[in-house]
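*Asks:*
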Amino acid sequence: MTELAPETRARVAARLRDQRIETASWAYGNSGTRFKVFPQEGVPRDPYEKLADAAQVQRYTGVAPSVALHIPWDLVDDYADLARHATELGVRVGTINTNVFQDNDYKLGSVTNPDAAIRRKAIGHMLECVDIMDRTGSRDLKLWFSDGTNYPGQDDVRTRQDRLATALAETYARLGEHQRMLLEYKLFEPAFYMTDVPDWGTAYMHCMALGDRAQVVIDTGHHAPGTNIEFIVAQLLRAGKLGGFDFNSRFYADDDLMVGAADPFQLFRIMHEIVLADALSDEGAYKGIAFMLDQCHNIEPKIQAVIRSVLNVQEATAKALLVDHAALKAAQDAGDVLEANEVLMDAYNCDVRPLLRSVREDMGLDPDPIRAYKRSGYLEKIVAERVGGSQAGWGA
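0 is the number of the first residue of the sequence shown in numbering that gives the first Met the number 0; add one for each residue after it.
(1) What is the rounded straight-line gap between the Cα of Gly89 and the Cα of Leu15?
(2) According to DSSP, which residues form a beta bridge with Gln18?
(3) Express the C-alpha separation of Asp332 and Trp407 in angstroms, rounding to a whole number.
(4) Using the rule of at least 16 other Cβ atoms within 10 Å of the residue's Cβ for burial, across every protein chain shown, is Arg118 buried or exposed?
(5) Does the segment 289-307 come close enough to the segment 53-67 that 3 or more CB-CB pairs lie under 8 Å?
(6) Taking only the alpha-carbon atoms, compute the straight-line gap between Arg359 and His271 and give it to the nearest angstrom.
(7) If you reduce the DSSP assignment to three classes, tell me which class Arg212 lands in.
(8) Is the beta carbon of Asn96 closer than 7 Å to that of His124?
(9) Among the residues of its own chain, which have a CB less than 8 Å from the CB of Ala319, if the five just before and after it don't count?
(10) Give a yes or no on contact between the segment 202-215 and the segment 175-184, applying the rule of three or more CB pairs nearer than 8 Å.
(11) With contact counted as at least three CB pairs below 8 Å, one residue from each stretch, are the segment 141-148 and the segment 100-114 in contact?
(12) In chain order, what are the residue ranges of uninterrupted beta strand (DSSP E) at least 3 long that sit wholly in the segment 155-229?
(13) So what's Ser248 in DSSP terms, helix, strand or just coil?
(14) For Met0, does the three-state DSSP call read helix, strand or coil?
(15) Check Asn340 in the structure and name its three-state DSSP category.
(16) Taking Cys206 as the reference, which of Met193, Thr226, Tyr171 has the closest Cα?
(17) Would you grab the beta carbon distance between Tyr192 and Pro151 for me? Rounded to a whole angstrom, and I think it's under 8 Å.
(18) By Cβ distance, which residues of its chain are closer than 8 Å to Asn98, with the 5 residues on each side in sequence left out?
(19) Please classify Glu2 as buried or exposed, where buried requires at least 16 neighbouring CB atoms within 10 angstroms.
(20) Between the beta-carbon of Gly31 and the beta-carbon of Ile381, is there less than 7 Å?
(21) Please report how far the alpha carbon of Ala330 lies from the alpha carbon of Asp293, in whole angstroms.
(22) Could you check which residue in Asp245, Phe250, Glu299 has the C-alpha nearest to that of Glu21?
(23) Looking at the structure shown, is His69 part of a helix, part of a strand, or coil, going by DSSP?
(24) Which partner residues of Ala289 appear in the DSSP bridge assignment?
(25) For Thr135, which of Glu87, Asp80, Val156 has the nearest alpha-carbon?
(26) Less than 7 Å between the C-beta atoms of Ser248 and Leu256, yes or no?
(27) Who are the Cβ neighbours of Ala82 in its own chain at under 8 Å, not counting the five residues just before and after it?
(28) Looking at the structure shown, is Thr97 part of a helix, part of a strand, or coil, going by DSSP?
(29) Assign Lys328 to one of two classes, buried (16 or more other C-beta atoms within 10 Å of its C-beta) or exposed (fewer than that).
(30) Reducing DSSP to helix, strand and coil, say where Lys141 ends up.
(31) Kindly provide the ranges of any alpha helix (DSSP H) runs that are 4 or more residues long and lie completely inside the segment 270-337, ordered along the chain.
(32) Candidates Gly225, His296, Arg237: which alpha carbon is nearest Val258's?
(33) Work out the CA separation of Pro5 and Ile122 for me, nearest whole Å.
(34) Which stretch, first to last residue, makes up the alpha helix (DSSP H) that contains Ala146?
(35) Kindly indicate if chain C contains any beta-carbon less than 7 Å away from that of Thr22.
(36) Kindly indicate which three-state DSSP category Gly31 falls into: helix, strand or coil?
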């Protein structure tokens, strides 16, 4: 890496120390594809052990203090006790994710189902998740719907949108003053003809109708091939409606591979828009954007894969922070197309790993989190202690 000016290094290091990346409880359990789950030794048997594994990621990275839960995958009798347990481990309960797709009643949809009783059941689950937020101190409720249709004429498109709006409004009204609703979209799957929330525009329209505390969440794997995701980021930032990210990678469809695995340049471009908007932390101009890893590690060692994912986001962020904005704007204003592109590429091509190692040392951490974790003996410990780890939710 080119030697940085002291003031540049101090600025970038300060922003990197303030970065926060949420991990997901389901990333620590056994998971798989529709075809096979390959179980691993030492995976968590309950949400308490998932939090313990997440605490290891925080221990070695210093920037992953919160853990998203998925209900009912993380069902417990006492959520306040689970939150206390998280605090004792040095982490906290983060986003609460609903599940209105994994029940036989939802074959034709959940909140958009033609059956009013099934819609009421789905709304009841969403309200139950807000109750859980109250007990855990969580800020964000994340909603993703598998709802859609497989055949033209199967159901009325506008009526389904009306049902969705009604369910969202009731749930939004239940939120506390400091709680938010994050609405996720997905291009397709499992519905093949029409998905009820297929794109950012649909999610944005519903959030606008609800109010300031309804925000759009971008899952980086939920788009058509070639979609310019950073354009969507910029648009939602302009509107003040970007609530969070589900970071992952894909090669074909929604693979939930490790973030930065398929297209690290895309991740850099996304983080460049975040840095430009001063939206990297809660102290910036756009407060409250949640950066979460939504990944299922099917063949990789779980904790090690999550640590690697955090490092990938940090590297993309560090590069984005090194963009010379003054030089970039000057080239843009002059219409110098190649110079503007070169300014971006100069930052992207920097090897920021030495900088990140230095930042970790400044934070009192081991400069190489993965090697430090592997030396710790934690994996050997949990393999010896745990038997019969739980599935991440699918049980495929």
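Glycine residues also receive a C-beta, built at the ideal position from the N, C-alpha and C atoms.
*Replies:* According to the structure shown:
(1) 20 Å
(2) DSSP, once it has assigned bridges, lists no residue as partnering Gln18.
(3) What is shown of the chain runs 0 to 395, which leaves residue 407 out entirely.
(4) buried
(5) yes
(6) 22 Å
(7) coil
(8) no
(9) Phe267, Met270, His271, Ile273, Val274, Ala346
(10) yes
(11) yes
(12) 179-183, 213-218
(13) Ser248 carries a strand assignment under DSSP once its states are collapsed to helix, strand and coil.
(14) In this predicted model, Met0 has a pLDDT of only 48, less than 50, meaning its place in the structure is not dependable enough to derive any value.
(15) For Asn340, the three-state secondary structure derived from DSSP is helix.
(16) Tyr171
(17) 6 Å
(18) These residues qualify, in order along the chain: His69, Ile70, Pro71, Trp72, His124, Gly392.
(19) exposed
(20) Result no, Cβ atoms of Gly31 and Ile381 do not sit closer than 7 Å.
(21) Here the C-alpha atom of Ala330 lies approximately 37 Å from the C-alpha atom of Asp293.
(22) Asp245
(23) Residue state, collapsed to three classes: strand.
(24) Gly243
(25) Asp80
(26) yes
(27) Arg91, Val92, Arg134, Thr135, Gly136
(28) coil
(29) So Lys328 ends up on the exposed side.
(30) strand
(31) The qualifying runs are 301-320, 324-332.
(32) His296
(33) 54 Å
(34) The amino acid occupying residue 146 in the given sequence is Asp; Ala does not appear at that position. Counting along the chain, Asp146 falls outside any alpha helix (DSSP H), and DSSP gives it neither H nor E.
(35) The chain labelled as chain C is not found in the depicted structure, where only one protein chain is given.
(36) In the structure shown, Gly31 sits in a strand (DSSP, three-state: E or B).
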